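This report refers to the structure that appears directly beneath it.
Number of protein chains: 2
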Amino acid sequence: MSISASGEVAGRAVQRVPVDLGERSYEVVIGQGVLDDPSAWRSAVTDGTAMVVTNTTVAALFLKRLEQTLLRRHRLVHSVVLPDGEQHKDWTTLSQIFDALLQWQCDRDTTIYALGGGVVGDMAGFAAACFMRGVSYVQLPTTLLAQVDSSVGGKTAINHPLGKNMIGAFHQPRIVVCDIDTLSTLPDRELRAGLAEIIKYGPIADWAFFEWLERHAENLLARQPRALMHAVQRSCEIKAEVVARDEREGGLRAILNFGHTFGHAIEAGVGFGAWLHGEAVAAGMVLAASLSERMGLADGEVSVRLVKLLARCELPIRAPALPVERYLQLMRLDKKARGGDIRFTLLDGRGRAVVRSANDALVREVLADLATGS
Amino acid sequence: MSISASGEVAGRAVQRVPVDLGERSYEVVIGQGVLDDPSAWRSAVTDGTAMVVTNTTVAALFLKRLEQTLLRRHRLVHSVVLPDGEQHKDWTTLSQIFDALLQWQCDRDTTIYALGGGVVGDMAGFAAACFMRGVSYVQLPTTLLAQVDSSVGGKTAINHPLGKNMIGAFHQPRIVVCDIDTLSTLPDRELRAGLAEIIKYGPIADWAFFEWLERHAENLLARQPRALMHAVQRSCEIKAEVVARDEREGGLRAILNFGHTFGHAIEAGVGFGAWLHGEAVAAGMVLAASLSERMGLADGEVSVRLVKLLARCELPIRAPALPVERYLQLMRLDKKARGGDIRFTLLDGRGRAVVRSANDALVREVLADLATGS
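Protein chains in written order, with this note's numbering: chain A, 8 to 381; chain B, 8 to 381.
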């Protein structure tokens, strides 16, 4: 169980969620304005050069502030600003990071700071994993999705034309710093996509948290800092606990993929970028919950309440109406598939998940019934 | 201490050197004809798909044989043949491996087999480190240099236009299989370059082995299998012991870089490819031994005997006559340099090494006296 510590820094509430991974342990620090306050990040970062990796959109909002903060910890602070968007999560863009590191003569004592959403975090983290066979990095997620999911756990990757996240590494950050204030500039659609990943944690790990979300959905949509703090904290606690027990996705960690087997197929089926990841996961969770129900693992009320909550958050609850066989084909290509066998994360009661294969006929039935959206 | 086990497989002598790295432990299997005999490789390789990575030169010699051997262990065996040469150790060539893996729908149960020299091993190993965030791989080194050095220890990398081996990973193989018979087709110059890395182990770790090499240099140059077996085995034992104590090059492992700080500068200074790595290391060891002597760490006889042995092996003992300041500039760019401080592996008596900074004036003196070759 991950026990969070509460505290105050400069009069503001700061939550600290430990990620317990032996010598690779670190903290997720959650608070308002923590981007400006390096004293809130108690972590073992060397005094070598800092290299900030961000994108054009985030740079305009937060880069100067972060550089000011980092100059209180590092003698030299450089930055590299990447183009914004999942379509740039490839080798060409990654090599911009390596070029910058080498042009500035960075060495093994360099710390990379990933300032941005999941794409920036994935690329900066993978660059840190590979540069001189591994340097330290810090995650500073500025989207809700990155704060509650991608920035915690050390998964890094780039895409390959033949598959998403196919080339990557497990490389844990030294610390994750979630500044809740950065969410105030997030477009509504991205905020909702982040809520999908938050909602995910309820059915798979903590039904009481799901019920809290049912009571506080409107507060979250209105971006109330207290509600966001709690949602981010509880999500990170659950993720930290799962990752601590299965760092390299040998088994348990796959429960975090609830909605993702269907979701990845949706993203690929409509063409990457058309649906946000969180949107695809939302519709994917509806399919996975229905499959769980048809396999006798979860009761019907779980599906009903999940659909209701997702709809209140204006998330898609109907997967697109692609041919059923196309879904199956895409799911067999997923990197969690083994020997062509599709693996689903299914709900096993309330607040519990299992990873299973499913009967193809049942999967076809679920898709035929529910993948009817636009 | 790494204790090797001797045994026989199909009537032939097989040596097994353990590399003790906890859950990442593996064996180096050394013998004649072991490429054809999977029973000699007792290792936990999954029964998923096999992907052989090799180059055009090695494919012509050994690929068919290896594929036959692997079909006794794997249901599906694919291969990807890369262009030959260090100049291809880059992202473009690496992506050929990823393309092949994805085109053949390889998954996390795939095992990659690196058949070739150090370049193939580095690229196949790095591809294994990154593909789906890490799959298993097996090293099948076919050059003397790869058998005694690069295939053991899990260092993998590709080059960047601004530096060698700048992008890579620590990723241990499941087993290393050294078939001494493959050395019979090796060009003389490459055999000698491999001898340089073998000779390196004596002064830094085992003076008795150095004296054995003094007695058996001609047998090695004549490619006597018994002599080669012993030289490969003892080299792998020493490397295994160092790697077991310092897997990620935190300290001790740097003693393996004896001759390499100067050597890398030689390779870069003359333009990569003009000197073989082992040749540059040979001349680099002469410089490093002289520096050790001038710093009062080693006696003059060590230098004299080292130069004599290298010369008998027809290895260069004079570094090229580049400007002294050019050497210093290149060495400051080395990825072992920290904050501009050049680190040297120096001899500390006989069979012992230390890693130290050195006075720039002394380094200049050594270069001015000894870097006078063509």
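In this text, a Cβ means the ideal position worked out from N, Cα and C, and glycines have one as well.
All values derive from a computational prediction rather than experimental measurement.
Cβ separation of residue i and residue j, assumed to be a contact under 8 angstroms, to the nearest whole Å
i	j	result
A465 (chain B)	V362 (chain B)	With chain B running from 8 to 381 in the structure shown, residue 465 (chain B) is simply not present.
D376 (chain B)	L335 (chain B)	Not a contact, Cβ separation roughly 15 angstroms.
R80 (chain A)	D43 (chain A)	Not quite, the Cβ-Cβ distance comes to about 13 angstroms (not below 8 angstroms), so this is no contact.
H167 (chain B)	L109 (chain A)	6 angstroms
V41 (chain B)	V59 (chain B)	Not quite, the Cβ-Cβ distance comes to about 16 angstroms (not below 8 angstroms), so this is no contact.
L169 (chain A)	L147 (chain A)	Rounded, the Cβ-Cβ distance is 31 angstroms, inconsistent with contact.
Of the residues the options, the one placed nearest residue i, counting alpha carbons only
i	options	result
V250 (chain B)	B:G161, B:K96, B:L322 and B:C320	B:G161
T268 (chain B)	B:R301, B:P168 and B:L374	B:L374
F105 (chain B)	A:D106, A:D116 and A:W98	A:W98
I245 (chain B)	B:E197, B:A272 and B:F217	B:F217
A47 (chain A)	A:V35, A:L313, A:A203 and A:W219	A:V35
S143 (chain A)	A:S157, A:L109, A:D195 and A:R181	A:R181
A57 (chain A)	A:A326, A:D116 and A:A20	A:D116
L353 (chain B)	B:D306, B:R333 and B:A296	B:A296
Q236 (chain A)	A:M139, A:L151 and A:L147	Per the sequence presented here, residue 236 (chain A) reads as Met, with Gln not at that position. Answer by Cα proximity: A:L151.
E248 (chain A)	A:G380, A:V26 and A:T189	A:V26
A305 (chain A)	A:R359, A:T163 and A:W111	A:R359
I174 (chain B)	A:L329, A:M139 and A:G175	A:M139
R199 (chain A)	A:P232, A:A212, A:L227 and A:L78	A:L227
Y120 (chain B)	B:A66, B:A287, B:I165 and B:Q94	B:A66
G125 (chain A)	A:A136, A:T61 and A:R233	A:T61
G128 (chain B)	B:L101, B:D213, B:W111 and B:R301	B:L101
is_contact[residue i, chain A] using C-beta, thresh 8 angstroms
i	result
W48 (chain B)	no
A234 (chain B)	no
C137 (chain B)	yes
A162 (chain B)	Sequence check: residue 162 (chain B) is Lys here, not Ala. It does; some Cβ of chain A falls within 8 angstroms.
G170 (chain B)	yes
H85 (chain B)	no
F351 (chain B)	no
M8 (chain B)	Caution is warranted here: a pLDDT of 49 is assigned to M8 (chain B), below 50, making its placement in the model unreliable, and no coordinate value can be reported.
F382 (chain B)	No answer is possible for residue 382 (chain B): the residues shown for chain B start at 8 and end at 381.
H167 (chain B)	yes
F177 (chain B)	yes
Minimum Cβ-Cβ distance from residue i to chain B less than 8 angstroms
i	result
R260 (chain A)	no
R230 (chain A)	no
L151 (chain A)	no
R140 (chain A)	yes
V26 (chain A)	no
M338 (chain A)	no
G70 (chain A)	The sequence given here places Leu at residue 70 (chain A); Gly does not occur at that position. Closer than 8 angstroms: no.
W98 (chain A)	yes
I174 (chain A)	yes
R363 (chain A)	no
L109 (chain A)	yes
Coarse secondary structure for residue i, derived from DSSP in three states
i	result
M8 (chain A)	Only weak support is given to the placement of M8 (chain A): the predicted model assigns it a pLDDT of 49, under 50, and the question is left unresolved by the model.
V239 (chain B)	helix
H85 (chain B)	strand
N62 (chain B)	strand
R140 (chain A)	coil
A365 (chain B)	coil
G14 (chain A)	strand
A7 (chain A)	Summary: the structure shown does not reach residue 7 (chain A), with chain A confined to residues 8 through 381, and so no result is reported for it.
L28 (chain A)	coil
G92 (chain B)	coil
L108 (chain B)	helix
A121 (chain A)	strand
G380 (chain A)	strand
G132 (chain B)	helix
L70 (chain B)	helix
G291 (chain B)	helix
R23 (chain B)	strand
L78 (chain A)	coil
Q146 (chain B)	strand
Amino acids of chain D, ordered along the chain, whose beta-carbon sits closer than 9 angstroms to that of residue i
i	result
H284 (chain A)	Annotation note: the requested chain D is absent from the structure, which comprises protein chains A and B.
Tell me the start and end of each unbroken beta strand (DSSP E) in the region 300-359 of chain B that is at least 3 residues and wholly inside, in chain order.
-> The qualifying runs are 350-354.
Residue ranges of each beta strand (DSSP E) run of no fewer than 3 residues wholly in the region 156-239 of chain A, ordered along the chain?
-> Taking only runs of at least 3 residues, the beta strand (DSSP E) segments lying wholly in the region 156-239 of chain A are 162-167, 170-177 and 182-186.
Could you name each continuous alpha helix (DSSP H) segment of 4 residues or more that falls completely within the region 237-286 of chain B, going from the start of the chain to the end?
-> Whole alpha helix (DSSP H) segments, 4+ residues: 267-277.
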